[in-house]
Structure formats: C-alpha cells, structure tokens
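Chemist: The structure is given below, and queries will be raised subsequently.
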Amino acid sequence: MPIATVNPANGETLRTYEAMGEEEIERRLQLAEATFRTYRTTGFYERAGLMRRAADLLEADQKEIGKVITTEMGKPVKQARAEAVKCARAMRWYADHAAELLADEEPAEADVKDSGALRALVRYRPLGPVLAVMPWNFPLWQVIRFAAPALMAGNVGLLKHASNVPQTALYLEDLFHRAGFTEGCFQTLLIGSAAVDDILRDERVRAATLTGSEPAGRAVASTAGEMIKKTVLELGGSDPFVVMPSADVDRAAQVAVTARTQNAGQSCIAAKRFIVHTDVYDAFVARFTEGMKALTVGDPMDEATEVGPLSSEQGVNDLVELVDDAVRGGASVLCGGERPDGPGWYYPPTVLADVTREMRVHREEAFGPVATLYRAADLDEAVLIANDTDFGLSSNVWTRDDTDVDRFVRDLEAGGVYVNGMTASHPAFPFGGVKRSGYGRELSGHGIREFCNITTVWHGA
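Quick look at the structure:
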C-alpha cells in the first residue's frame, strides 16, 4: 500500500510520500536509543510540563488538524475536531496522574520483616524505545493513548502509522517537538508494513503496541514472542448491544444508532450485534431502523454530515460482500444495503434482520455502518448469542434489573461491560479485550504500567 493521502470523499490522490530507507531508519533508531538514556532520568514534573504544552498546542490546532484527518480518512469534520480535544484531555490527565500512578509502592511492614529486609519497595522504571503500530480510524486518539502514558513513564516512542494518514503521522511528531520534547522522544517512521518486522527485531526496540487487524496482531506477537519482547494488542471487535425488557427502549434505540455509526461504523468498539429480548424486539427495531434511516450521509467537510465515506474502496467492497452474503442466506434488509452511485467510498447505514450463524456477517467484523439484529427469548439466550463470537473487546447492556446486570457482568466474555450507555474509552479506565480482540490494557494505571520494568528493591541489614 503506498504511503499517500487519498481523499475518501472523491478518491483523489492528494499527496504521496517516499518510504524511509534503511539509513534513515537506522538514524532514527540510534536517536531513540540515545535520547532514552537521558530522557529516562527526567522527573515527572518536567515531563508533565512538556505534556501539558503538547495538549495546549493540539487543542489550539483542532480546526487545522481536524481538516487533515477528514481529508485523509473521511471522518466528519466535527468528529475529527472532537477527537483532537479528547486527545488533549487525555494528555493532561496523564500529566496530572502519572506521578501518582507510578509512585513507589511499599509492601506491608509484616511482609518486609518476614523477608528479612530493613526496607523494601516496588519501583516502576521505563523500558526504552516502544514501537507503536497504529491504525487510521482514530488517527490521533489511537496514538495519543499510547504516547501520553509511554512518554510520562519515561519511555520514548517510534510510530509506524497507517499508510493512508501520513500527514497526521507527521503532525504528531511535529506536535511533540514543538512542545519541547527532545527530538528523539517521539519519532514517526514513514514505512510500509513490511519494514515492521526488522524494526521489532532490533535490540534497541524494547516493546511494541499494536492496534489493528488479527493478521497484523499475529505477525507482531509472533516476532515479539521470538525476541521475548513485551506487547500490547488491541485487535478487532464485534461488540454485542443487548436490550432487555426493563430497558428504556427509546433511549437504547437512540444510543444504538450512534454506537453503530460513529466514525461511519469504523470502530473496533462500535456496537455491531444488536441482541434484543423478544418482548421489546419489535419496538426497538422500529425505532432503531427509523434512526438509521434519518442519518445525514454526505461530504465529511459539511458540518451537518453525520456519516461520511469509509476510508477506502476496499472497505466498501468488504461491506458489500458481507451484506450480499447475508442476503443470499436469507437475511432481511430493513434499510440501506445498496452501494450508492457517484464518487467517493460511501456505504449507507444498513440494518440486517434474520441473521444466522452460517452468514459471514455473524462471524466476521463489519467495519462500517452495518448492524445485525438478533431476537433473544430470555437472558440465557442473550448471553449465548453475545458470546457467540471470536472477539471480546467490549459490550453494551440495557436493563434496569440488577439481577440482569449481575449476570451479564459475570458471564459476558469481554474486556468491558457498559450498562445503559455506549462503550467509550476514557483515560481513567483500562481498555482492551479478550479472545481474538487481543491482550494487555491501554489507558488508566494499567496502561501506563504495561511498558514499565516493575522492579523490586530490597534493602538488607
């Protein structure tokens, strides 16, 4: 895949970039290693000042970088600006909390005495250069939720961003430099996917984090395992959105529309499978389908647009194949389902009913505004349908019954259970999945400690 900015709204190639050669990659690896030796010795106060400055710059740049994001991957410009603001808030959160999250921990006095020590503690120390392989769908947020904790912990970052968002990738490197971070603290590598393996094998790279597809995750995990390097993987998702009889059906249907179509449905944590108790199925489906039909699809630079184009022509083709396969298998199309004529990589908000386990859309992640509906006879069946997937990123449950809540929290196979609300990432809460959705956690204290050397310090007599 070429490294290029291609406008998804019309398919026009606006700018192309040459991939970095071996000499430039080597220069940057040397710089990362050298910078880490000194940056690791800085204190939290100094790092926090730099991070807050970067947050201020990003917030001031939101209109400019929002337009760049929209041009590169098609996100409606209002959502692009909101993404920039969200990133700035997360950067400030880590600037405020990193010292507390990574403070020395003192074991219980009785345990220290029992070990024969005069004093003992646990200290969190940075690992070194961390390689981040990041996707295009949230081109700022995906990077910042790695970079903010990694830099605050004293690590340095090497970013291999998706090839269709090169301007955003270069902006991020420039952002941290303008904020005052030493040049080698955060570097963008304009490289293709084929170059990742060699970089990950380099001894100067101490760890890696990847958000992306299952094949990409397997490749990085395999190499990292061979090299015995720490990794965090956030892969695909096919999140259930369960609606039970006690739910506020109107509110659930309203939120469901946003949960499925935000970012044109191109989100790992988007609700994708809507599992509705038979007692409220008809009412929910009517309201949900009406809401999906009412969405404004169009030019992502238009402030009124709610759903823009998909990021690539291949993304549209993949959705067409999934929907066509479902229809051939007997699925009913309640709205959408037809690729529109005209320029750009658009696909309409689509609702499929009568979905069965034999259909590809049941097994595979639909990365676009396509929702699948399932009718559940009772709570047991709702849980079975929700867990009938290889993925386990997050989940949404709508009920006012505490017994229902306890059961879903106990039995849903997911990294998150959101009750009466839409899944959303926040810096204070750990984010990640189970099964083929990956392993490890981003965000919160769990995320900042992922790339730390957890060191036991024991003092004898």
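Straight run, no breaks: the sequence shown in the working numbering ends on number 464. Positions of the beta carbon are idealized from the N, C-alpha and C atoms, including for glycine. A quick note: this is a predicted structure, and the numbers were derived from the prediction, not measured.
#1: By the 10 Å Cβ neighbour count, where 16 or more other Cβ atoms means buried, how is residue 456 classified, buried or exposed?
#2: Using DSSP with H/G/I as helix, E/B as strand and the rest coil, what is residue 418?
#3: Do the CB positions of residue 156 and residue 56 come within less than 8 Å of each other?
#4: Measuring alpha carbon to alpha carbon, tell me which of 33, 29, 295 ends up nearest residue 371.
#5: Whether or not the segment 81 to 101 and the segment 425 to 439 are in contact is what I'm after, with contact meaning three or more pairs of Cβ atoms, one per stretch, closer than 8 Å; do they touch?
#6: Shortest alpha-carbon distance to residue 265 belongs to which of 247, 298, 394?
#7: Under the rule that 16 or more other beta-carbon atoms within 10 Å means buried, what is residue 111, buried or exposed?
#8: Would you give the residue range spanned by the beta strand (DSSP E) that residue 335 belongs to?
#9: State the beta-bridge partners of residue 387 as determined by DSSP.
#10: Along the chain, where does the alpha helix (DSSP H) containing residue 72 start, and where does it finish?
#11: Report back the beta-carbon spacing between residue 443 and residue 279 to the nearest angstrom; my notes put them in contact at under 8 Å.
#12: Let me know if residue 163 comes out buried or exposed under the rule of 16 or more other beta-carbons within 10 Å of its beta-carbon.
#13: Excluding five sequence neighbours on each side, which residues of the same chain lie with their C-beta closer than 7 Å to the C-beta of residue 134?
#14: Within the segment 103 to 179, note down every full beta strand (DSSP E) run reaching 3 residues or more, in order along the chain.
#15: Which residue or residues does DSSP assign as beta-bridge partners of residue 219?
#16: Compare the beta carbon distance of residue 138 and residue 77 with 8 Å and say whether it is the shorter of the two.
#17: Along the chain, where does the alpha helix (DSSP H) that runs through residue 263 open and close?
#18: With DSSP run on the structure shown, which of helix, strand or coil describes residue 357?
#19: Leaving out the 5 sequence neighbours to the left and right, which residues in its chain are closer than 6 Å to residue 458 when beta-carbon positions are compared?
#20: What separation, rounded to the nearest whole angstrom, lies between the Cα atoms of residue 109 and residue 45?
#21: Look up residue 399 in the DSSP assignment and give the residues it is bridged to.
#22: So, are the CB atoms of residue 337 and residue 281 less than 8 Å apart?
#23: Along the beta strand (DSSP E) that carries residue 20, what are the first and last residues, could you check?
#24: How is the beta strand (DSSP E) around residue 234 delimited, first residue to last?
#25: Tell me whether the beta-carbon of residue 398 lies closer than 8 Å to the beta-carbon of residue 421.
#26: Let me make sure I understand the geometry here. Which of 284, 409, 316, 67 has the alpha-carbon closest to that of residue 175?
#27: Hey, quick one: how far does the alpha helix (DSSP H) through residue 191 stretch, first residue to last?
#28: Can you give the Cα-Cα distance for residue 445 and residue 454, rounded to whole angstroms?
#29: Residue 274 lies in the beta strand (DSSP E); which residues open and close that run?
#30: In angstroms with no decimal places, state the Cα-to-Cα distance between residue 4 and residue 73.
#31: Assuming the contact rule is C-beta atoms closer than 8 Å, residue 140 and residue 270 should be a hit. Round their C-beta distance to whole Å, please.
#32: Mapping DSSP to helix, strand and coil, what is residue 429?
#33: Residue 396 and residue 417 - do their beta-carbons sit closer together than 8 Å?
#34: Contact check, residue 389 vs residue 245 under 8 Å by CB: the rounded distance?
#35: Tell me whether residue 455 sits in a helix, a strand or coil according to DSSP, three-state version.
#36: With a 10 Å radius around its C-beta and 16 neighbouring C-beta atoms as the bar for buried, classify residue 346 as buried or exposed.
Modeler: This is what the structure gives:
#1: Taking the first residue of the sequence shown as position 1, residue 456 is located at position 453. Looking at its Cβ environment, which holds fewer than 16 other Cβ atoms inside 10 Å, residue 456 is exposed.
#2: For this step, residue 418 is matched to residue 415 along the sequence shown. In this structure, residue 418 counts as coil in the three-state DSSP scheme.
#3: For the purposes of this step, residue 156 is taken as residue 153 along the sequence shown, with counting starting at 1. For the purposes of this step, residue 56 is taken as residue 53 along the sequence shown, with counting starting at 1. No, the Cβ-Cβ distance between residue 156 and residue 56 is not below 8 Å.
#4: If you number the sequence shown from 1, residue 371 lands on position 368. Here the closest residue by C-alpha is 295.
#5: Contact holds: three or more Cβ-Cβ distances are below 8 Å.
#6: Taking the sequence shown and counting its residues from 1, one reaches residue 265 at position 262. The candidate whose alpha carbon is nearest that of residue 265 is 298.
#7: The sequence position of residue 111 within the sequence shown is 108, counting from 1. Counting every other CB atom within 10 Å of its CB across the protein chains shown gives residue 111 a total below 16, marking it as exposed.
#8: Position 332 of the sequence shown, counted from the start, is the residue given in the question as residue 335. Looking at the DSSP string, the run of the beta strand (DSSP E) that includes residue 335 is 335 to 338.
#9: Your numbering for residue 387 matches position 384 in the sequence shown. According to DSSP, which records beta bridges pairwise, residue 387 is partnered with nothing at all.
#10: As a working note, residue 72 is residue 69 in the sequence shown. Element bounds for residue 72: 65 to 76.
#11: Here residue 443 is taken as the residue at index 440 of the sequence shown, counted from 1. Here residue 279 is taken as the residue at index 276 of the sequence shown, counted from 1. In this structure residue 443 is not in contact with residue 279, their Cβ atoms being roughly 32 Å apart against a cut-off of 8 Å.
#12: One-based indexing of the sequence shown puts residue 163 at position 160. Buried, by the Cβ-count rule.
#13: Locating residue 134 in the sequence shown gives position 131, counting from the first residue. Result list for residue 134: 161, 163, 202, 203, 208, 211, in chain order.
#14: Counting whole runs of 3 or more residues, the segment 103 to 179 contains the beta strand (DSSP E) stretches 122 to 129, 132 to 136, 159 to 163.
#15: Sequence index remark: in the sequence shown, residue 219 carries index 216 (1-based). Looking at the DSSP assignment, residue 219 forms no beta bridge with any residue, so it has no partner.
#16: Taking the sequence shown and counting its residues from 1, one reaches residue 138 at position 135. Taking the sequence shown and counting its residues from 1, one reaches residue 77 at position 74. Not a contact, by the Cβ cut-off of 8 Å.
#17: Taking the sequence shown and counting its residues from 1, the one referred to as residue 263 is at position 260. Its alpha helix (DSSP H) spans residues 252 to 264.
#18: The residue you call residue 357 lines up with position 354 of the sequence shown. Coil, per DSSP.
#19: In the sequence shown, residue 458 corresponds to position 455, counting from 1. Apart from the 5 residues on each side of it in sequence, residue 458 sits with its Cβ closer than 6 Å to the Cβ of 126, 128 in its chain, given in chain order.
#20: Counting from 1 along the sequence shown, the entry for residue 109 is found at position 106. Counting from 1 along the sequence shown, the entry for residue 45 is found at position 42. So the two alpha carbons sit approximately 22 Å from each other.
#21: Stepping through the sequence shown from its first residue, residue 399 is reached at position 396. In DSSP, residue 399 forms a bridge with 244, 421.
#22: Within the sequence shown, the letter at position 334 stands for residue 337. Within the sequence shown, the letter at position 278 stands for residue 281. No. Outside cutoff.
#23: Taking the sequence shown and counting its residues from 1, one reaches residue 20 at position 17. That run of the beta strand (DSSP E) goes 15 to 20.
#24: Against the sequence shown, residue 234 aligns to sequence position 231. First-last of the beta strand (DSSP E) with residue 234: 233 to 237.
#25: Position 395 of the sequence shown holds residue 398. Position 418 of the sequence shown holds residue 421. A contact, by the Cβ cut-off of 8 Å.
#26: As a first step, residue 175 is located in the sequence shown; it is residue number 172 there, counting from the start. With distances taken between Cα atoms, residue 175 lies closest to 67.
#27: As a working mapping, residue 191 is identified with position 188 in the sequence shown. That residue, residue 191, is in no alpha helix (DSSP H); its beta strand (DSSP E) goes 189 to 191.
#28: For the purposes of this step, residue 445 is taken as residue 442 along the sequence shown, with counting starting at 1. For the purposes of this step, residue 454 is taken as residue 451 along the sequence shown, with counting starting at 1. Rounded to the nearest angstrom, the two C-alpha atoms are 10 Å apart.
#29: Locating residue 274 in the sequence shown gives position 271, counting from the first residue. Its beta strand (DSSP E) spans residues 274 to 280.
#30: Counting from one through the sequence shown, the residue named residue 4 turns up at place 1. Counting from one through the sequence shown, the residue named residue 73 turns up at place 70. Cα-Cα distance, rounded: 20 Å.
#31: If you number the sequence shown from 1, residue 140 lands on position 137. If you number the sequence shown from 1, residue 270 lands on position 267. Indeed, because the Cβ distance is near 6 Å, the residues count as touching under 8 Å.
#32: The residue given as residue 429 occupies position 426 in the sequence shown. Three-state result, residue 429: coil.
#33: The residue labelled residue 417 in the question sits at position 414 within the sequence shown. The residue labelled residue 396 in the question sits at position 393 within the sequence shown. Contact: yes.
#34: As a working note, residue 389 is residue 386 in the sequence shown. As a working note, residue 245 is residue 242 in the sequence shown. About 6 Å; that satisfies the 8 Å criterion.
#35: If you number the sequence shown from 1, residue 455 lands on position 452. DSSP places residue 455 in strand when its eight states are reduced to three.
#36: Position 343 of the sequence shown, counted from the first residue, corresponds to residue 346. By the neighbour-count rule (16 or more Cβ atoms within 10 Å), residue 346 is not buried but exposed.
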